[in-house]
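**Q** These protein sequences, in sequence, are chains A and B.
Everything in the first sequence is counted per the numbering used here, starting at 1 for the first residue and increasing by one.
Everything in the second sequence is counted per the numbering used here, starting at 1 for the first residue and increasing by one.
From the three backbone atoms N, C-alpha and C, an ideal C-beta is built for every residue, glycine too.
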Amino acid sequence: MRNSRRLALGASLLASLAIAGVAGGGALVSAQDQPTVRIGSDGFYESQLMAEMYAQALEANGFEVERQLGIGARPARVEAFESGQIDLTPEYVGSGLGFYVVGSEDEELAAIEVSGDGETNRVNLQAALDVAGVGATVLAITAGEDTNAAVVRADTAEELGVSSISDLAGVADQVTFGLPPECEVNALCRGALEDGYGIAWPPAQLELLPPCGAEMAGALEGNAIDVAWLCSTQPVIAQNGWVVLEDDLDTQPAENLAPIVRNDFLEGVDGGADAIAAILDPISAAVTTDVLTELGVRIAVDQESIDDVAGEFLASLES
Amino acid sequence: MEQLLEFFTDPASWSGDTGIPNRLIEHLAIAFLAVLTASAIALPLGFYIGHTGRLQMLGINIANIGRAVPSYAMMVMLLPVMLGLAPVLGYDPRLGLRFLPIFLAMVLLAIPPILVAAYAGIQEVDRDLTESSRGMGLTERQILTGVELPLALPVLVGGFRVALLQVIATATIGAYLAGGGLGRYIIDGIARRDDGMLYGGVVLVAVLAIGTDVLLSWLQRRLTPRGVRIATELETERAGAAAP
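Written out as structure tokens, the structure is:
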């Protein structure tokens with residue numbers, strides 16, 4: 001166990017060196033020149049996985065890394081980021097943007113749109129952070145994405161004849177919803193369901209469960225809930241033959257992942273934002289939707305450790 | 001502080017399913033049910049061990065293992081089992097989500113302190129007393145109910161006190177698994193970054209725990225047999241006088 005871990009770490013070290021060498025050229029610097037980077041993430045596995053990849057890649061390039069993975073849901077993590085308790089965090093560009101702009105009282109922020117295109121959302125998220133006065137830089141987005149998805153069991157879809165969230169709105173009082181606790185204050189969750197699809201809030205039958213987690217999936221599988229708010233890359237969806245309801249009103253934005261980094265931290269980095277980008281961009285480029293799903297299976301289903309999975313993925317980039 | 005005030009003065013905090021009265025009832029219901037169920041298991045076993053002195057190792061081991069099992073892990077492990085048993089045993093699967101895993105984890109949490117209090121309380125009764133009772137012709141059952149139990153009562157209530165306090169405090173994490181109770185305010189408050197709700201929940205749980213403790217410590221004193229109380233007071237006085 002210990003050996004395999006060390007091996008994985010060593011491999012990832014090599015891999016990251018190689019990536020940095022190829023992509024950045026000047027990114028290799030001696031350890032003592034680089035500041036400690038504090039990396040934070042959301043509570044569920046995918047956010048932790050991306051954060052762990054960033055952490056191992058940065059460690060391989062001479063950064064000291066302090067991990068604060070699994071902080072919680074976005075509102076808590078964003079506050080930790082804005083207050084400077086963490087320097088770097090993976091963010092879903094769509095929801096991250098929505099957090100700042102949807103329903104904002106600031107006219108300038110409210111004017112920024114959340115779109116169905118990941119790169120547009122990245123650019124807009126950068127703009128929103130600037131307007132909101134958060135000194136931070138959004139780096140390149142992942143090739144793949146993971147969106148929020150309303151998921152039902154196949155038998156529910158058949159019995160109630162639902163294939164889209166609009167269909168679901170018609171039978172909303174006959175089903176039990178499973179939603180994350182922060183949905184209530186999330187414009188892309190409650191806002192989409194209530195204002196977009198006209199589903200009365202709160203739903204008559206509602207269970208609050210952690211987002212994108214095994215608990216929510218287990219509850220759907222065990223018939224305790226009928227509609228689960230899951231992440232589209234969650235492996236259980238395909239495994240159980242569940243039906244992802246079509247978001248026919250396009251309420252859910254494109255959700256590619258991008259590292260966001262505090263500018264005050266970047267100022268202390270030898271080489272600045274370019275040095276960090278040279279290390280992390282190749283990772284983002286390699287993370288496709290298939291990769292997110294596949295690595296998700298290894299963590300959520302096969303119970304492999306996030307450390308190992310992240311390390312081996314980084315090592316695989318080398319070849 | 002302001003947000004906390006806002007939480008407590010908002011009429012919405014006091015009405016409906018998500019209101020404080022309903023959450024309090026949910027919390028107390030699971031706590032009392034868990035402690036009652038744990039008592040039904042732990043008391044007979046504890047009395048048996050205490051009275052006969054047999055199976056002591058078993059009692060100690062159950063108590064120690066029980067204390068070492070983390071409640072949250074227990075809940076997560078029980079979740080798929082309870083959901084899976086729903087169609088087999090025919091109960092509502094929602095019970096398997098929001099009640100049974102939390103309830104059972106709380107029962108397991110409550111057993112060790114009650115078990116230990118039951119056998120330690122009985123065991124600590126002066127052997128001379130039980131021997132002379134036996135000499136007076138009392139049956140074993142009469143010795144247990146007439147002599148040992150009354151004398152062990154304060155210790156026993158102490159066990160309930162610990163069990164109930166632990167359960168009240170720990171039942172809050174049930175909110176991770178869609179559970180009700182006051183923990184909802186803490187979990188939802190963190191997720192929504194609603195500090196008023198978060199600290200409101202913390203204050204409510206703390207007040208409930210302290211209130212329960214005060215009530216039970218009063219009960220503990222009331223239930224101490226008069227003779228024992230006087231003897232204890234005399235001893236304390238003597239100890240006090242002896243101190244320089």
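1. Determine, using beta-carbon pairs with one atom in the segment 142-153 of chain B and one in the segment 110-126 of chain B, whether at least three such pairs fall under 8 Å.
2. The segment 92-123 of chain B: which residues have C-beta closer than 9 Å to a C-beta of chain A, in chain order?
3. How many angstroms separate the CA atom of A:G94 from the CA atom of A:N256?
4. Are the C-beta atoms of B:S13 and some chain A residue less than 7 Å apart?
5. Within its chain, find whatever has a CB closer than 8 Å to the CB of B:V147; leave out the 5 residues flanking it on each side and keep chain order.
6. Please report the distance separating the alpha-carbon of A:V227 from that of A:E145.
7. Thinking just about the alpha-carbon of each residue, which of B:V157, B:Y185, B:L45 is nearest to the one in B:G200?
8. Considering A:Q56, what are the terminal residues of the alpha helix (DSSP H) in which it resides?
9. Alpha helix (DSSP H) containing B:T145: first to last residue?
10. Please list, in chain order, the residues of the segment 177-198 of chain A that have any C-beta partner in chain B closer than 8 Å.
11. Candidates A:Y92, A:Y100, A:L97, A:I71: which alpha carbon is nearest A:I86's?
12. Please report whether the beta-carbon of B:R161 lies at a distance below 7 Å from any beta-carbon of chain A.
13. If I follow the unbroken alpha helix (DSSP H) through B:D188, where does it start and stop?
14. Comparing the C-beta of B:D188 with each C-beta of chain D, is any distance below 7 Å?
15. Given that a residue counts as buried once 16 or more other Cβ atoms are within 10 Å of its Cβ, and exposed if not, what is A:A200?
16. Buried or exposed for B:D194, going by 16 or more other Cβ atoms inside 10 Å?
17. Buried or exposed: which applies to A:G223, given that a residue is buried once 16 or more other Cβ atoms fall within 10 Å of its Cβ?
18. Which one of A:S104, A:R122, A:D155, A:E119 has the shortest CA to CA distance from A:A132?
19. I'd like the ranges of any beta strand (DSSP E) spanning at least 3 consecutive residues and lying wholly in the segment 178-237 of chain A.
20. Report the start-end ranges of each beta strand (DSSP E) in the segment 80-131 of chain A that is 3 residues or longer and not cut off at the edges.
21. For A:L179 and A:A136, what's the separation of their Cα atoms in angstroms?
22. Beta carbon of B:I187, beta carbon of B:A178: below 7 Å?
23. Quick one: give me the first and last residue of the alpha helix (DSSP H) that B:L198 is part of.
24. Could you confirm whether any beta carbon from chain A is found closer than 7 Å to the beta carbon of B:L33?
25. Could you spell out the range, first to last residue, of the alpha helix (DSSP H) harbouring A:V138?
26. Thinking just about the alpha-carbon of each residue, which of A:D33, A:I279, A:S305 is nearest to the one in A:E318?
27. So that I know if they touch, is there some Cβ in chain B lying closer than 7 Å to that of A:P75?
28. Which residues, in chain order, does the segment 60-90 of chain B contribute to contact with chain A at a C-beta distance below 7 Å?
29. Going by the DSSP bridge assignment, what does B:P11 pair with across the sheet?
30. Could you tell me the distance, in whole angstroms, from the CA atom of A:P259 to the CA atom of A:E267?
31. Determine whether the Cβ of B:A191 lies closer than 7 Å to any Cβ atom of chain A.
32. Excluding the five sequence neighbours on either side, which residues of its own chain have a C-beta within less than 7 Å of the C-beta of A:G272, listed in chain order?
33. For the segment 168-185 of chain B, list every residue whose C-beta sits within 7 Å of some C-beta in chain A, in sequence order.
34. Rounded to whole angstroms, what is the Cα-Cα separation between B:I25 and B:T232?
35. Within the continuous beta strand (DSSP E) that includes A:R262, where are the two ends?
36. Taking just the CA atoms, how far does A:A192 sit from A:A111?
**A** On the basis of the coordinates in this document:
1. Taking a contact to require three or more Cβ pairs closer than 8 Å, the segment 142-153 of chain B and the segment 110-126 of chain B qualify as touching.
2. Cβ contacts with chain A: D92, P93, R94, L95, G96, L97, R98.
3. The straight-line gap from Cα to Cα measures roughly 7 Å.
4. Chain A contact via Cβ: absent.
5. Residues of the same chain with a CB within less than 8 Å of the CB of B:V147, apart from the 5 flanking positions on each side, are V125, L129, T130, S133, L138 in chain order.
6. One C-alpha to the other measures close to 22 Å.
7. Ranking B:V157, B:Y185, B:L45 by CA distance to the CA of B:G200 puts B:Y185 first.
8. Element bounds for A:Q56: 45-60.
9. Unbroken run through B:T145: none, as it is neither H nor E.
10. So the close ones are G178, P180, P181, E182, E184, V185.
11. A:I71 is the residue among A:Y92, A:Y100, A:L97, A:I71 whose C-alpha sits nearest the C-alpha of A:I86.
12. In terms of beta-carbon proximity, B:R161 stays away from the interface with chain A, with every pair separated by 7 Å or more.
13. 183-191 is the span of the alpha helix (DSSP H), which, as asked, contains B:D188.
14. You won't find chain D in this structure, because its protein chains are A and B.
15. Burial check for A:A200: the Cβ neighbour count within 10 Å stays below 16, so the residue is exposed.
16. Residue environment: B:D194 is assigned as buried (16 or more neighbouring CB atoms within 10 Å of its CB, all protein chains considered).
17. In the sequence as presented, Gly is not what sits at residue 223 of chain A; that position holds Asn. Burial call: buried.
18. When each option's Cα is compared against that of A:A132, the closest is A:S104.
19. Every beta strand (DSSP E) stretch that sits fully inside the segment 178-237 of chain A and reaches 3 residues is listed by chain position as 205-208, 227-231.
20. Those beta strand (DSSP E) runs which fall completely within the segment 80-131 of chain A and span 3+ residues are 88-92.
21. Between A:L179 and A:A136, the alpha-carbon positions lie close to 30 Å from each other.
22. Contact flag unset, no.
23. Segment 195-223, the alpha helix (DSSP H) holding B:L198.
24. No, its Cβ sits nowhere closer than 7 Å to a Cβ of chain A.
25. Per DSSP, A:V138 belongs to no alpha helix (DSSP H); it is in the beta strand (DSSP E), 136-138.
26. Measuring from the Cα of A:E318, the nearest candidate turns out to be A:I279.
27. Any Cβ of chain B closer than 7 Å to the Cβ of A:P75 would place that residue at the interface, and such an atom is present.
28. Result list: L79, P80, L83, G84, A86.
29. The partner list for B:P11 (beta bridge, DSSP) is empty, contrary to what the question assumes.
30. If you draw a straight line from the Cα of A:P259 to the Cα of A:E267, it comes to about 16 Å.
31. Closer than 7 Å to some Cβ of chain A, the Cβ of B:A191 qualifies, so yes.
32. Sequence-distant partners of A:G272 (beyond 5 residues in either direction) whose C-beta falls short of 7 Å from its own C-beta, in its chain, are L266.
33. Of all residues in the segment 168-185 of chain B, Y176, L177, A178 have a Cβ within less than 7 Å of some Cβ in chain A.
34. Rounded to the nearest angstrom, the gap between the Cα atoms of B:I25 and B:T232 is 38 Å.
35. Segment 257-262, the beta strand (DSSP E) holding A:R262.
36. Looking at the backbone, the Cα of A:A111 and that of A:A192 are separated by about 18 Å.
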